[in-house]
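What follows is a short report on a single structure.
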Amino acid sequence: MIYNFSRWFLCFFVSICAFSCASQTFTESVSPKPPMGWNSYDCFGMSVTESEVKANADFMSLHLKEYGYEYVVVDFLWFGDNFTQDNWQSKTAHQFIDESGRVIPSEKLHPSSSNGKGFKPLADYVHAKGLKFGIHLMRGIPWNAVEENLPVKGTEYRLKDIVNMYDTCKWYGGMRGINFEKPGAQEYVNSLFDLYASWGVDFVKVDDIAFPYHADDIEAIHKAIKNCGRPMVLSLSPGAAPIGSAKHLAENADMWRISPDYWDSWPALKNQFGLARAWAPYAKPGSWPDADMLPVGNLSIRSELKMNYPRKTNFSHEEQYTMLTLWSMMRSPLMIGSNLQGLDEFTLALLTNKEVLEINQQSKNGREVFSNEETIIWSAESHDGISKYVAFFNLNDSMSKTINVKLADIGINDLCSVYDIWKKEDLPDAKNGLNVEVSPHGTVLLRLIPNNKVE
5 MIYNFSRWFL CFFVSICAFS CASQTFTESV SPKPPMGWNS YDCFGMSVTE
55 SEVKANADFM SLHLKEYGYE YVVVDFLWFG DNFTQDNWQS KTAHQFIDES
105 GRVIPSEKLH PSSSNGKGFK PLADYVHAKG LKFGIHLMRG IPWNAVEENL
155 PVKGTEYRLK DIVNMYDTCK WYGGMRGINF EKPGAQEYVN SLFDLYASWG
205 VDFVKVDDIA FPYHADDIEA IHKAIKNCGR PMVLSLSPGA APIGSAKHLA
255 ENADMWRISP DYWDSWPALK NQFGLARAWA PYAKPGSWPD ADMLPVGNLS
305 IRSELKMNYP RKTNFSHEEQ YTMLTLWSMM RSPLMIGSNL QGLDEFTLAL
355 LTNKEVLEIN QQSKNGREVF SNEETIIWSA ESHDGISKYV AFFNLNDSMS
405 KTINVKLADI GINDLCSVYD IWKKEDLPDA KNGLNVEVSP HGTVLLRLIP
455 NNKVE
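Right under this line is the structure:
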């Protein structure tokens, strides 16, 4: 099937108003580029162990650090060890806490945390590899800390003074909300981040906060991070975050989820295109719309979800190219969900294509310029303005498509060199236009350099 997009490109290459916000000084200092790293959830669910975290940090240090991957994040329920598929949503599940009602690691899962050391030994291990350390937190106060009515550290208040018992997470019952109209509420949040800063935490993913949207909690956490003495990336989850809150998000967080939990299915990937289109204008230093983790490679070694495990990703190679291309063109954070140990050659090459990562980390003006039910095209520019990137996506389930594009419609009025970024090969120079064949569920990602810009 042949498409000619002359009139479409003229319509869609309209300048997008720059998104501005008043308070970026702090967040820009910790996330000038989309964060890159590894998260334990997609492969280990709620029970990742210290040895597994170290093994993935070792792999990242040896094989991924040079490409920009740096965060090693311990996800969901590290503060408990008796959770099962049947009881993890219980409102009275056991959680380990300290004398001030703050969650601390399970010593069974993380032996080096014993005797009050918390995650500092593990963070020290990660830092020694030249990497950064992150943790996942649930919004609110542990239920057992409320029942014990523990004191808010450094104050005369207790947790029952600040709790909102009617504000609970819909899918995890272990936490109770905070009433920020009460004195002592901000101090409790401050105490959390004082503790986690003392461990050496560099990245915090806070759950049950972006959808439903909890503006008071977001502001309190942002304030606590600013005052804790240690820079931390603040990631908000899950989505979909409301686009009407984009300014508030950019002022208070470094990254936020644009979708519910994203897994390795074609319908889920297809759904991300519309969200990416809407959120791309808001990607800028210090504030990154997040399309979620990359479910590639080895997944669901353990999981609280009712799914087959362990397993390989359900995505085909073509679908994985499509995912990485979309994430990079919209400049989403890149957090790998795979167990890195035993990573196959294809997945490693997928994650380490230098020019794809350069688009993700340094490009500008990434945006969708054409779409219909089966074909989507994105464009972006290199940070120095020399190159243009054009990504062609075929959403059809069974048919390849040939797409014809005139160079003038993408702002090029001269003969240009053409390079296929995924295949890593030069294509014939283009004089008037491009004819691109795209496989079903696949993508073609091209770099174009006009001859008048080649030195």
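Mapping the sequence shown onto my numbering, position 27 (from 1) lands on 31, and the numbers just tick up by one.
For every residue, glycine included, the Cβ atom is placed at its ideal position computed from N, Cα and C.
This structure is a prediction, so every number in the text was calculated from the model and none was measured.
3 or more residues per run - each beta strand (DSSP E) lying fully within the stretch 244-306:
259-261 and 292-294
Just to confirm, are TYR200 and ILE139 a CB contact at a threshold of 8 Å?
yes
Collapsed DSSP secondary structure at PRO125 in the structure displayed:
helix
State whether the stretch 165-182 contacts the stretch 142-155, with contact taken as three or more CB pairs (one from each stretch) at a distance under 8 Å.
yes
May I ask you to verify whether the stretch 373-383 touches the stretch 337-352, counting CB pairs closer than 8 Å and requiring at least 3?
no
Thinking C-beta only, is PHE207 closer than 8 Å to TYR75?
yes
Could you tell me the alpha carbon to alpha carbon distance between ARG162 and ILE213, rounded to whole angstroms?
23 Å
Compare the C-alpha of SER367 against each of MET334, LEU355, ILE381 and THR351 and name the closest.
MET334
Count Cβ pairs between the stretch 117-125 and the stretch 159-178 that sit closer than 8 Å; are there 3 or more?
no
Using DSSP bridges, identify the partner residues of GLY4.
Because the chain here runs from 5 to 459, residue 4 falls outside it and cannot be looked at.
If we ignore side chains and look at the alpha-carbon of each, how far apart do ALA295 and LYS288 end up?
15 Å
Among the residues of its own chain, which have a CB less than 7 Å from the CB of ASP348, if the five just before and after it don't count?
GLY301
For LYS435, which residues from the same chain have a beta carbon less than 7 Å from its beta carbon, with the 5 sequence-adjacent residues on both sides left out?
LEU419
Taking 8 Å as the threshold (C-beta atoms), are ASN364 and THR406 in contact?
no
Start and end residues, alpha helix (DSSP H) containing VAL150:
147-151
Taking just the CA atoms, how far does TYR176 sit from THR31?
Since pLDDT at THR31 reaches only 41, below the 50 mark, its modelled position is unreliable, and the value read off the structure follows with that caveat. Computed Cα separation, rounded: 29 Å.
Reducing DSSP to helix, strand and coil, say where GLU74 ends up.
coil
Could you tell me the boundaries of the beta strand (DSSP E) in which GLU103 lies?
Careful: GLU103 lies outside any beta strand (DSSP E) and carries neither H nor E.
Beta strand (DSSP E) segment containing SER383, residue limits
379-385
Whole angstroms are fine: how far does the CA of GLU70 sit from the CA of LEU328?
18 Å
Complete runs of the beta strand (DSSP E) confined to the stretch 167-192 [at least 3 residues]:
179-182
Would you kindly work out how many angstroms separate the C-alpha atoms of LEU450 and ASP62, rounded to a whole number?
33 Å
Kindly indicate which three-state DSSP category VAL52 falls into: helix, strand or coil?
coil
If you draw a straight line from the C-alpha of GLY49 to the C-alpha of ASN153, how long is it?
30 Å
Run through DSSP, which three-state label would VAL57 get?
helix
Are the CB atoms of CYS47 and LEU452 within a distance shorter than 8 Å?
no
Which whole runs of the alpha helix (DSSP H) in the stretch 333-360 are 4 residues long or more, in chain order?
349-355
If you draw a straight line from the C-alpha of ALA257 to the C-alpha of ASP165, how long is it?
27 Å
Given SER65 as reference, the closest of VAL78, TYR45, GLU54 and GLY41 once Cα atoms are compared
GLY41
Report yes if the C-beta of PRO115 is less than 7 Å from at least one heavy atom of the ligand MG; otherwise report no.
The ligand content of the structure shown is nil, which means the ligand MG is not present either.
Quick test of your reading: ALA282 and GLY370, contact by CB under 8 Å. State the CB separation rounded to the nearest angstrom.
With 8 Å as the limit, ALA282 and GLY370 do not qualify as a contact, their Cβ atoms being about 13 Å apart.
Would DSSP call ASP211 helix, strand or coil?
strand
Short check: CB of LEU273 to CB of SER263, under 8 Å?
no
Grab me the residues of THR447's own chain with a C-beta within less than 7 Å of its C-beta, minus the 5 sequence neighbours each way, in chain order.
TYR325, THR326, THR329, ALA395, PHE396 and PHE397
Tell me which residues share the same chain as ALA224 and place their Cβ nearer than 8 Å to its Cβ, disregarding the 5 neighbours each side in the sequence.
ILE182, PHE184, ALA189, GLN190 and VAL193
List the whole-angstrom C-beta distance separating PRO109 from PHE80, where the pair is believed to meet the contact cut-off of C-beta under 8 Å.
Wrong, their Cβ atoms sit about 13 Å apart, outside the cutoff.
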